[in-house]
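Numbering (our numbering), first residue to last: 6 to 156.
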């Protein structure tokens, strides 16, 4: 017997066991009615919709959640601003030298991408702060979406 045949037999046995359990369950819940063999959907009668709490940004944070949050707030992340990208051949890459200009796909004046650990979280524009470059964020995704993207 091959492994595929054995896996199929195990699968069929598990399905038969599940069907038998469903038949037994439906036989107990029905008052003697029915033929003993239930349809494959009989287990669906007891299915209930889960009541999920809507995520909101203004929900108060519990003390336990604050402790958990404090544990991760000091973890360092890499934030980078991307001006643009370009694809060039290795031949052209090897020909680059001081003074070479690489044309980027992004149009001048278009907002920069702000990335945290390589994940896009915002767009912004370049500013100068105390003789250093900075970025003014113009479009930021929500905190919930940021956390989802960082997972």
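Built from N, CA and C at the ideal position, the CB exists for glycine as well.
Nearest by alpha-carbon distance to residue i: which of the options is it?
| i | options | result |
| --- | --- | --- |
| residue 165 | 91, 123, 145 and 99 | No statement about residue 165 is possible, as the shown extent of the chain runs from 6 to 156 and does not include it. |
| residue 113 | 126, 88 and 135 | 88 |
| residue 129 | 74, 144, 106 and 107 | 144 |
If contacts are defined as beta-carbon pairs under 8 angstroms, then residue i and residue j qualify, I think. What distance do you get, rounded to the angstrom?
| i | j | result |
| --- | --- | --- |
| residue 146 | residue 86 | Actually they do not touch by this definition, with Cβ atoms about 16 angstroms apart. |
| residue 151 | residue 126 | 5 angstroms |
| residue 84 | residue 121 | 5 angstroms |
In whole angstroms, give me the CA-to-CA distance for residue i and residue j.
| i | j | result |
| --- | --- | --- |
| residue 66 | residue 149 | 14 angstroms |
| residue 142 | residue 78 | 21 angstroms |
| residue 42 | residue 22 | In this prediction, residue 42 scores a pLDDT of 43, lower than 50, which makes its location untrustworthy; no coordinate-derived value is stated. |
| residue 115 | residue 101 | 25 angstroms |
| residue 104 | residue 98 | 13 angstroms |
| residue 123 | residue 68 | 31 angstroms |
| residue 153 | residue 132 | 29 angstroms |
Mind checking if residue i is an interface residue toward chain C, Cβ cutoff 8 angstroms exclusive?
| i | result |
| --- | --- |
| residue 98 | Among the protein chains of the structure shown there is no chain C, as only one such chain exists. |
Quick one: using the 10 Å Cβ neighbour count with 16 as the cut-off for buried, is residue i buried or exposed?
| i | result |
| --- | --- |
| residue 119 | buried |
| residue 117 | buried |
Review point. Which residue spans inside the region 60-138 form an unbroken alpha helix (DSSP H) run of at least 4?
Key: Whole alpha helix (DSSP H) segments, 4+ residues: 68-78 and 95-100.
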